[in-house]
Amino acid sequence: MPIEQIDSDTFLHGLLNDISGRIEQIRQKRDSFLTDAVLLGEIPSPTFGEGDRIRTVVDRFRENGLDNPLVDEFGNASAQLPGTVGESSILIMAHADSVFSPDVRHEIQVGSDFMTGPGIADNAIGLAAMISLPRLLSDLGIQLRDNLILVANSKSLGRANMEGARGFLETMSLPAKAGICVEGSTLGRLSYSGLGTLRGEITLQVPSDYDWKRFGAAGAISHLTGLINKIREIPIPKEPKTQIVFGGLKCGSSYNTSPRQGTLRFEITSEGDEVIGQMEDNLNEICEQFSAETGTLVNMEVVAKRKNCGIPFTHPLVKTTRTIMQEAGITPQVDPSTGDLNALILGGLPAVTLGLTTVENLREVNETVHLEPLYAGMAQLITLIEAIDQGICEV
1 MPIEQIDSDT FLHGLLNDIS GRIEQIRQKR DSFLTDAVLL GEIPSPTFGE GDRIRTVVDR
61 FRENGLDNPL VDEFGNASAQ LPGTVGESSI LIMAHADSVF SPDVRHEIQV GSDFMTGPGI
121 ADNAIGLAAM ISLPRLLSDL GIQLRDNLIL VANSKSLGRA NMEGARGFLE TMSLPAKAGI
181 CVEGSTLGRL SYSGLGTLRG EITLQVPSDY DWKRFGAAGA ISHLTGLINK IREIPIPKEP
241 KTQIVFGGLK CGSSYNTSPR QGTLRFEITS EGDEVIGQME DNLNEICEQF SAETGTLVNM
301 EVVAKRKNCG IPFTHPLVKT TRTIMQEAGI TPQVDPSTGD LNALILGGLP AVTLGLTTVE
361 NLREVNETVH LEPLYAGMAQ LITLIEAIDQ GICEV
């Protein structure tokens with residue numbers, strides 16, 4: 001039966017009282033999403049190469065009888081579960097891409113209380129959870145007033161700069177009143193803000209006419225090491241909180257050859273947009289100076305840049321999410337996002353990111369998710385959807 005519109009406090013109280021029973025019900029229905037987690041996890045889905053996984057998601061949408069299952073021009077898979085009223089919608093999004101290339105063997109091992117394999121936490125289990133929502137809602141006897149828009153978004157990670165999520169929001173036909181980004185990692189995660197971010201790559205090349213007799217002459221590895229040391233000399237403010245992470249260094253091909261080219265990947269995050277701008281200027285100056293002093297060709301490419309954004313800690317969506325977590329025995333861990341949540345909030349949609357379970361070896365080939373905490377993670381997700389549906393999370 002459709003849920004009647006009732007007093008918000010009364011309805012939320014009823015939801016909270018039902019969470020422990022709901023966790024047990026979800027445990028009994030675990031096959032409805034664990035099977036999809038294995039299916040999707042064993043399909044390689046690197047950023048810009050998500051096509052096979054996306055097509056499988058659309059097939060699952062069709063099999064579940066959802067409306068309008070399709071792949072859009074940005075490579076996202078989406079579908080809708082119509083609500084009993086359908087005047088507004090709730091957007092549920094889970095990114096389909098992974099950090100692992102097709103060269104990595106994608107095999108998911110399933111134990112009594114764990115699943116292990118590349119990308120199972122980030123984000124095959126989140127994707128499977130999103131796909132399973134229509135079946136779980138039906139099994140739990142829940143009918144929503146709002147439409148549920150399910151999106152497996154492509155081009156989320158690395159150089160993609162949330163292209164899939166941004167494209168979907170720009171062309172979304174149904175109005176949404178709130179959004180939830182679903183991630184496998186980590187149970188208790190509560191993101192309601194996005195960090196200012198500068199993500200880039202610095203390429204250093206030793207030119208063909210390089211003077212190997214000049215003072216300080218060296219190959220690309222030595223030069224990049226010196227460049228990293230220069231970057232580390234940039235003063236990092238304590239307030240607003242700021243950090244720089246070197247995410248990858250690719251250089252060289254053999255033991256006995258001095259490489260002529262290398263690439264350094266980095267990401268700067270800060271709670272201050274002005275700091276991001278200052279750091280970008282500093283990096284450009286360092287690259288220009290280093291090139292002039294060493295006789296190398298140094299080029300910095302910015303692959304992603306975005307501003308700080310967020311909804312208030314006191315927003316009803318955040319307050320309700322915290323309350324649901326606590327009732328489910330989950331300790332909220334506030335963690336600003338650098339992912340798709342930024343696209344939703346910058347697009348004007350109140351939204352949060354939730355993690356579903358505890359994880360080990362994140363972004364390693366033996367990435368592991370634990371199953372027992374997952375049931376509470378799924379219960380928090382479904383309960384929050386119900387709360388949004390009843391208008392409890394609106395300002």
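Using the working numbering, you'd call the opening residue of the sequence shown number 1 and step up by one each time. Glycine residues also receive a C-beta, built at the ideal position from the N, C-alpha and C atoms.
Return the CA-CA distance between residue i and residue j, expressed in angstroms with no decimal places.
i, j, result
"R306", "N282", "18 Å"
"M1", "R145", "Note that M1 has pLDDT 36, beneath the 50 cutoff, so the model's placement of it is unreliable and no number is given."
"L39", "N147", "27 Å"
"S193", "K241", "14 Å"
"R60", "I131", "7 Å"
"Y210", "K230", "22 Å"
"G339", "F313", "19 Å"
"E201", "M279", "14 Å"
"S112", "A37", "15 Å"
"T353", "P259", "42 Å"
"Q143", "L66", "14 Å"
"D9", "R22", "19 Å"
"D97", "K213", "46 Å"
"E267", "Q243", "8 Å"
"L133", "T269", "33 Å"
"G347", "A129", "24 Å"
"D139", "Q28", "11 Å"
"T383", "P46", "32 Å"
"T35", "L356", "16 Å"
"T171", "I90", "16 Å"
"I43", "S185", "19 Å"
"M325", "P332", "7 Å"
"R232", "L127", "37 Å"
"E163", "I26", "33 Å"
"L227", "N284", "12 Å"
"F33", "N17", "24 Å"
Quick one: residues in its chain with C-beta nearer than 6 Å to the C-beta of residue i, no 5 flanking neighbours on either side, listed in chain order?
i, result
"V334", "L190"
"Q5", "In this prediction, Q5 has a pLDDT of 43, which is less than 50 and means its spatial position is unreliable; nothing more can be read from the coordinates."
"L204", "A220, H223, L224, G262, T296 and V298"
"F288", "The sequence given here places Glu at residue 288; Phe does not occur at that position. Correct list: empty, nothing qualifies."
"V398", "Lying outside 1 to 395, the shown extent of the chain, residue 398 is not represented and no answer is given."
"D389", "L144, R145 and D146"
"F100", "P118 and G119"
"G272", "P240"
"T197", "T269, R306 and T338"
"F11", "Q390"
"G83", "L144, R145, D146 and N147"
Sort out for me which residues DSSP pairs residue i with in a bridge.
i, result
"L148", "L81 and I90"
"I244", "I268"
"M300", "I202"
"C181", "M93 and T353"
"G226", "Note: G226 sits in no beta bridge, so no partner."
"R135", "In DSSP, R135 forms no bridge with anything."
"P46", "S98"
"H370", "F114"
"D67", "Q80"
"L249", "L264"
Does residue i pass the burial test, meaning 16 or more other C-beta atoms within 10 Å, or should it be called exposed?
i, result
"H95", "buried"
"F215", "exposed"
"N123", "buried"
"Y375", "buried"
"A379", "buried"
"A292", "exposed"
"E183", "buried"
"N68", "exposed"
"V359", "buried"
"E386", "buried"
"P316", "buried"
"R105", "exposed"
"E63", "exposed"
"F403", "This structure does not reach residue 403, given that the chain is present from 1 up to 395, and the question cannot be answered."
"Q80", "buried"
"V318", "buried"
"P336", "buried"
"L156", "Just to set this straight, residue 156 is Ser in the shown sequence, not Leu. Buried: at least 16 other Cβ atoms inside 10 Å."
"V151", "buried"
"F246", "exposed"
Skipping 5 residues on each side, what residues in its chain have a beta carbon closer than 7 Å to that of residue i?
i, result
"N361", "E367 and T368"
"I345", "G194, C309, G310, I311 and A351"
"E50", "G75, A96, D97 and S154"
"I19", "E327, A328, A379 and T383"
"A343", "M162, A165, R166 and L169"
By Cβ distance, which residues of its chain are closer than 8 Å to residue i, with the 5 residues on each side in sequence left out?
i, result
"V303", "G158, R159, N161, R199, G200 and E201"
Margin query: Count Cβ pairs between the stretch 108-122 and the stretch 172-181 that sit closer than 8 Å; are there 3 or more?
Written below: Taking 8 Å as the limit for Cβ pairs, the verdict is that the stretch 172-181 does not touch the stretch 108-122.
Check: Pairing CB atoms from the stretch 231-240 with CB atoms from the stretch 248-255, are three or more of them under 8 Å?
Finding: no
Item checked: Touching by the beta-carbon criterion (3+ pairs, under 8 Å), the stretch 44-58 and the stretch 71-79 -> yes
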